[in-house]
Structure formats: structure tokens, C-alpha cells
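In the numbering used here, the protein residues as written are 16 to 328. Glycine included, every Cβ here is placed at the ideal spot set by N, Cα and C. Presented below is the structure to which this report refers.
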């Protein structure tokens, strides 16, 4: 009866103060992340108003004159708008649908390794690139694929002509995808391994009694139970479909690859920062955010239909 009261209807309700007092270490750990999000995500939203103004640094945000939707008209009438939009969508699709499955595959493969030491070593090796900045990664790519890089030195050793990999448009997208896989797959793998570790071991034991092979366990137990996690991370990736990240593209492209590499982030840098068109740059960023929000809401509804626990809300 005592056990029933503690776990059932008769259990004592914990008030907010008691809850905070009991779990305060967890809230302290959460605090830096909350501060970061508030300072660098929510507070800057107030500056989005300059997308509808002819902003002047001298006049400030409040005193700058309103210009309505002129900045958005300028964006849509820009001669290269559709080319930049196409590049952004293509790179976003490649990043989402080609690189996204790799961490899932790696996690399923690592989960089958029985030697704990080997498993930890492999996890460490694939996670290290995640903590390397894109500036360093870009330098490594140019050192390997550049005119005087390792790749062309090997070709020269065998008497072959140098290949201008970093200067050819046809090579940029494969390099973009491969560098993304090398750098970011490790972190996603850790997330999926954490999800796999939460699966009830009794399910595998029951399957073993029924004579299931390791592949069958992975196919019928591990992968289906990973689907909610996969859908959640896919939704987060889709939210940043148009915001691919300035660092990676900027450190990999050259003026000769602008036609296939120029995206909204690099365009905003050139026009908004270097040419000081802050209102226009804000309008571009707001356009990206609105499209990203629409995509997240749409795919969240799809995820809820696919899996009960697949959506974010």
C-alpha cells in the first residue's frame, strides 16, 4: 500500500520551489544554454524591424525612416536572386538528404561492435572533426585539392596534368558534401548511439530466444525505435534548409565557383556587411527565417503522421 501511494494517485505533489530545490544542479547546467539562446537568438529579433526601414547607423533604429517592403522588392528583383536561391536549395537538399543518413548508418554499425575499446576509439576518431573550425577544414581541403596540393602532387609524380579541383564548378558540390560528412557525421552518430542505448535490452533478449540474427535485430528493433529520433533531427535540419552556414561555403568557394556556390549567406556578407546595406541584409535573413519556419511547421505535421513521437510538438 505504501508503494502504491508513492507511485499512484496518493503520491505527494512536488511544488515548484521544492522541485527547483531538488533539481537545482540541472537548472544550473541548463543556464548557460538558455543565456546563449536569449542573448544571440531572441534579443537580436528586435533588430529585425530594420528590414522594413531605410536604416542609417547615424540615425539609429528608431529614427531611421520606414520604407515598407522596398528591401524585399529589391531582393526579389535582384538579377541573380533565382540563381542564389537555386544554389541554396540544391546545397540544402544535398546536405539534408545525402549527408543526413550517414550518422544513422555509422551508429547502427558501431552498435554492432562488441569490442568496447575499439568502439570507443572509432567514436573518438569520427567525433574529433566536429570540433575543428571550418577555417581549418577549408585550409585542409585546399592543401589536398589545390593547385599545389597533395592530390596534384601525386598526379604530377605519375606524369599527369594538374587538375584544378577548387576552381571548377563541377567539383564544388561533391567537395561540399564530402567535407560535411567528414566534419559533422561524428556528432550525429553520438546522438543516435545515445538513443540506441536507451532501448530496452529485454527486446534483444526476446529476439535472440526466437532465433533472430544480429541483422534482424537491427532491422526490426533498433532501426524502428530510432525513427522518432531520426525524424526530430531531420526536422531540425530542415529548419536550417536555407541557412546553410556562412563559414563552410565561404572557406571552400572561389570567385570561379560563384555560379554554383553563391548562397544567401555569402551574398548577405558581400552586400550587407561589405557594402553596409544592413536593411537589405536583414530582409534577406528574415526571408530565410520565414521560409524555414514554414518548412518546419509543414514537415512537423508530416512527422506526426509518420510517428506519434516524431514531431517537435
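Does the separation of the CB atoms of residue i and residue j fall below 7 Å?
{"i": "residue 116", "j": "residue 200", "result": "no"}
{"i": "residue 192", "j": "residue 249", "result": "no"}
{"i": "residue 152", "j": "residue 183", "result": "no"}
{"i": "residue 72", "j": "residue 301", "result": "no"}
{"i": "residue 245", "j": "residue 218", "result": "no"}
{"i": "residue 307", "j": "residue 251", "result": "no"}
{"i": "residue 242", "j": "residue 126", "result": "no"}
{"i": "residue 276", "j": "residue 286", "result": "no"}
{"i": "residue 98", "j": "residue 82", "result": "no"}
{"i": "residue 208", "j": "residue 131", "result": "no"}
{"i": "residue 259", "j": "residue 106", "result": "yes"}
{"i": "residue 79", "j": "residue 93", "result": "no"}
{"i": "residue 134", "j": "residue 128", "result": "yes"}
{"i": "residue 279", "j": "residue 303", "result": "yes"}
{"i": "residue 181", "j": "residue 161", "result": "yes"}
{"i": "residue 266", "j": "residue 186", "result": "no"}
Check the DSSP bridge columns for residue i and list the partner residues they point to.
{"i": "residue 134", "result": "For residue 134, which the question treats as bridged, DSSP gives no partner whatsoever."}
{"i": "residue 81", "result": "68"}
How far does the alpha helix (DSSP H) with residue i in it reach, from first residue to last?
{"i": "residue 197", "result": "184 to 212"}
{"i": "residue 270", "result": "Segment: none, residue 270 is in no alpha helix (DSSP H) and carries neither H nor E."}
{"i": "residue 100", "result": "96 to 112"}
{"i": "residue 234", "result": "Premise fails: residue 234 is in no alpha helix (DSSP H) and is neither H nor E."}
{"i": "residue 171", "result": "165 to 172"}
{"i": "residue 123", "result": "116 to 126"}
{"i": "residue 313", "result": "293 to 321"}
{"i": "residue 39", "result": "39 to 52"}
{"i": "residue 149", "result": "149 to 160"}
{"i": "residue 288", "result": "Unbroken run through residue 288: none, as it is neither H nor E."}
{"i": "residue 180", "result": "Per DSSP, residue 180 belongs to no alpha helix (DSSP H) and is neither H nor E."}
{"i": "residue 281", "result": "279 to 283"}
{"i": "residue 227", "result": "No alpha helix (DSSP H) holds residue 227; DSSP gives it neither H nor E."}
What's the C-alpha gap between residue i and residue j?
{"i": "residue 223", "j": "residue 321", "result": "28 Å"}
{"i": "residue 328", "j": "residue 145", "result": "29 Å"}
{"i": "residue 74", "j": "residue 45", "result": "38 Å"}
{"i": "residue 295", "j": "residue 89", "result": "8 Å"}
{"i": "residue 138", "j": "residue 52", "result": "29 Å"}
{"i": "residue 196", "j": "residue 206", "result": "15 Å"}
{"i": "residue 281", "j": "residue 154", "result": "18 Å"}
{"i": "residue 147", "j": "residue 202", "result": "12 Å"}
{"i": "residue 103", "j": "residue 311", "result": "17 Å"}
{"i": "residue 31", "j": "residue 58", "result": "27 Å"}
{"i": "residue 159", "j": "residue 230", "result": "38 Å"}
{"i": "residue 298", "j": "residue 305", "result": "11 Å"}
{"i": "residue 189", "j": "residue 274", "result": "15 Å"}
{"i": "residue 316", "j": "residue 253", "result": "13 Å"}
{"i": "residue 19", "j": "residue 42", "result": "Note that residue 19 scores a pLDDT of 43, beneath 50, so its modelled location is shaky and nothing firm can be said."}
{"i": "residue 240", "j": "residue 111", "result": "21 Å"}
{"i": "residue 269", "j": "residue 169", "result": "23 Å"}
{"i": "residue 91", "j": "residue 84", "result": "11 Å"}
{"i": "residue 50", "j": "residue 60", "result": "15 Å"}
{"i": "residue 220", "j": "residue 271", "result": "57 Å"}
{"i": "residue 216", "j": "residue 232", "result": "11 Å"}
{"i": "residue 156", "j": "residue 194", "result": "8 Å"}
{"i": "residue 214", "j": "residue 37", "result": "28 Å"}
{"i": "residue 101", "j": "residue 39", "result": "48 Å"}
{"i": "residue 318", "j": "residue 309", "result": "14 Å"}
{"i": "residue 63", "j": "residue 247", "result": "28 Å"}
{"i": "residue 204", "j": "residue 143", "result": "12 Å"}
Just to confirm, does residue i get its C-beta within under 6 Å of one of the non-hydrogen atoms of the ligand PLP?
{"i": "residue 222", "result": "For the structure depicted, the ligand PLP is absent and the ligand set is empty, with no information on it obtainable."}
Legend entry - At least 3 beta-carbon pairs within less than 8 Å: the segment 286 to 295 vs the segment 170 to 177: no
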